[in-house]
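Asker: Quick one: the structure is below, questions incoming.
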Amino acid sequence: AAGVIQSPRHLIKEKRETATLKCYPIPRHDTVYWYQQGPGQDPQFLISFYEKMQSDKGSIPDRFSAQQFSDYHSELNMSSLELGDSALYFCASSLGLSRGNANSPLHFGNGTRLTVT
Amino acid sequence: DAKTTQPTSMDCAEGRAANLPCNHSTISGNEYVYWYRQIHSQGPQYIIHGLKNNETNEMASLIITEDRKSSTLILPHATLRDTAVYYCIVRPSYGNNRLAFGKGNQVVVIP
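Protein chains in written order, with our numbering: chain A, 1 to 117; chain B, 1001 to 1111.
Dropping the structure here:
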């Protein structure tokens, strides 16, 4: 079965640079979620989108922004990168938040490992 | 959001059933119990979820107590590949629909 695809798998950037991470959800999934996992930490929710609209916001820095496109893929844009942004970034997708799909499980990609030097 | 409490770590014998406990004493009526696992920096993997009835799929069984204040994930025949961090998560059925990861249980399957 098709899974969540994230690109790139690895990314190395310098401080103050920008980075763009991409996420392609499972076909027919219309909700995407972004998570950040620092070294030795548990995944932390950043932001989610449903039908191209932001649906929830977590601990996402103001330097980060994200959007979901008409084909449901999503991009996480990170500017003015700091050393502390070095982490694994996971994208997940699920069926929509409508009442009938309220408990569709999230399925995660294998992440993008961002290293800021 | 309701929070969960799990052991920090536990060992399980290969080939035996692994019983992973979780307490969620403040769970509300519209919240589901979800289980995920993460194998060494891979993406979290969905295992199973339930509301109040016991659930079973090809990976595991989920036993939820009648008062819903605790649950147990059962891996019927643990293998070395089941070594992972296991997360028990309570998730609202509507509104704020995120999965909020807490501290997981590092499970090591021993030969």
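Glycine included, C-beta positions come from ideal geometry on N, C-alpha and C.
1) Taking the C-alpha atoms as reference points, what is the distance between B:A1078 and B:L1020?
2) In or out: A:L114 buried (at least 16 other Cβ within 10 Å) or exposed?
3) For a contact defined as C-beta to C-beta under 7 Å, what are the partners of B:A1100 on chain A?
4) Quick check on A:R99: does DSSP put it in helix, strand or coil?
5) Out of A:D56, A:H107, A:E17, which has the shortest C-alpha to C-alpha gap to A:M78?
6) Can you list the residues of chain B that A:G109 reaches, using a CB-CB cut of under 7 Å?
7) Whose CA, out of B:Y1036, B:S1041, B:S1025, B:R1068, lies closest to the CA of A:Q37?
8) Is it the case that the stretch 20-27 of chain A contacts the stretch 37-51 of chain A, given that we only count it when at least three CB pairs across the two stretches are under 8 Å?
9) Chain B beta carbons: is any one of them nearer than 7 Å to that of A:F64?
10) Residues of chain B with a CB under 8 Å from the CB of A:F90: which are they?
11) Checking contacts by CB at 7 Å: is A:D42 closer than that to chain B?
12) Could you pull out every residue in the same chain whose Cβ sits closer than 6 Å to the Cβ of B:S1061, ignoring the five residues on either side in sequence?
13) Does the ligand PLP have a heavy atom nearer than 6 Å to the CB of A:S74?
14) List the residues of chain A whose Cβ lies closer than 9 Å to the Cβ of B:H1024, in chain order.
15) Would you say A:L106 faces chain B, with C-beta separation under 7 Å as the test?
16) Kindly list, in the order they appear in chain A, the residues whose Cβ is closer than 7 Å to that of B:Y1032.
17) Assign B:Y1094 to one of three DSSP states: helix, strand, or coil.
18) Within its chain, find whatever has a CB closer than 6 Å to the CB of B:L1051; leave out the 5 residues flanking it on each side and keep chain order.
19) Terminal residues of the continuous beta strand (DSSP E) containing A:I5?
20) Could you tell me which of B:I1089, B:W1035, B:K1069, B:R1081 sits nearest to B:T1056, measuring between CA atoms?
21) Compare the C-alpha of A:C91 against each of A:F69, A:S104, A:G3, A:G111 and name the closest.
22) Which stretch, first to last residue, makes up the beta strand (DSSP E) that contains A:N77?
23) Is the beta carbon of A:S74 closer than 7 Å to that of A:R63?
24) Mind checking A:G109: buried by the 16 CB within 10 Å criterion, or exposed?
Answerer: Let's see:
1) For the purposes of this step, residue 1078 of chain B is taken as the residue at position 78 of the second sequence. For the purposes of this step, residue 1020 of chain B is taken as the residue at position 20 of the second sequence. Taking the straight line from one Cα to the other gives about 12 Å.
2) Against the first sequence, residue 114 of chain A aligns to sequence position 114. Counting Cβ neighbours within 10 Å, A:L114 comes out buried, since at least 16 surround it.
3) To locate residue 1100 of chain B, count along the second sequence from 1; it is residue 100. The answer, in chain order, is F45.
4) The residue given as residue 99 of chain A occupies position 99 in the first sequence. Confidence is the limiting factor: at A:R99 the pLDDT is only 49, short of 50, which leaves the residue's position unreliable and the question unanswerable from this model.
5) Locating residue 78 of chain A in the first sequence gives position 78, where the first residue counts as 1. Of the listed residues, the one whose Cα sits closest to A:M78 is A:E17.
6) Translated into the one-based positions of the first sequence, residue 109 of chain A becomes position 109. What A:G109 touches in chain B: G1043.
7) Start at 1 with the first residue of the first sequence, and residue 37 of chain A comes out as number 37. Among B:Y1036, B:S1041, B:S1025, B:R1068, the Cα nearest to that of A:Q37 is on B:S1041.
8) no
9) Counting from one through the first sequence, the residue named residue 64 of chain A turns up at place 64. A:F64 does not count as touching chain B.
10) Position 90 of the first sequence, counted from the start, is the residue given in the question as residue 90 of chain A. Neighbours of A:F90 on chain B, chain order: G1043, P1044.
11) As a working mapping, residue 42 of chain A is identified with position 42 in the first sequence. Cβ-Cβ to chain B under 7 Å: yes for A:D42.
12) Translated into positions along the second sequence, residue 1061 of chain B becomes position 61. Excluding residues within five positions, the ones whose Cβ falls inside 6 Å are I1074.
13) Only the bare structure without any ligand can be found here, which leaves the ligand PLP out of the picture.
14) One-based indexing of the second sequence puts residue 1024 of chain B at position 24. None at all; the shortest Cβ gap to chain A is about 16 Å.
15) Locating residue 106 of chain A in the first sequence gives position 106, where the first residue counts as 1. Cβ-Cβ to chain B under 7 Å: yes for A:L106.
16) Against the second sequence, residue 1032 of chain B aligns to sequence position 32. Near B:Y1032 (Cβ distances below 7 Å), the residues of chain A are N103.
17) Start at 1 with the first residue of the second sequence, and residue 1094 of chain B comes out as number 94. Three-state result, B:Y1094: coil.
18) Counting from one through the second sequence, the residue named residue 1051 of chain B turns up at place 51. Excluding sequence neighbours, B:L1051 sits near Y1032.
19) For the purposes of this step, residue 5 of chain A is taken as residue 5 along the first sequence, with counting starting at 1. Here the beta strand (DSSP E) through A:I5 covers 5-7.
20) As a working mapping, residue 1056 of chain B is identified with position 56 in the second sequence. Measuring from the Cα of B:T1056, the nearest candidate turns out to be B:W1035.
21) To locate residue 91 of chain A, count along the first sequence from 1; it is residue 91. Of the candidates A:F69, A:S104, A:G3, A:G111, the one whose C-alpha sits nearest the C-alpha of A:C91 is A:G111.
22) Position 77 of the first sequence holds residue 77 of chain A. The continuous beta strand (DSSP E) containing A:N77 extends over residues 74-78.
23) As a position in the first sequence, residue 63 of chain A is number 63, starting the count at 1. As a position in the first sequence, residue 74 of chain A is number 74, starting the count at 1. Result no, Cβ atoms of A:R63 and A:S74 do not sit closer than 7 Å.
24) For the purposes of this step, residue 109 of chain A is taken as the residue at position 109 of the first sequence. Sixteen is the threshold: when 16 or more other Cβ atoms of the shown chains lie within 10 Å of the Cβ of A:G109, as they do, the residue is buried.
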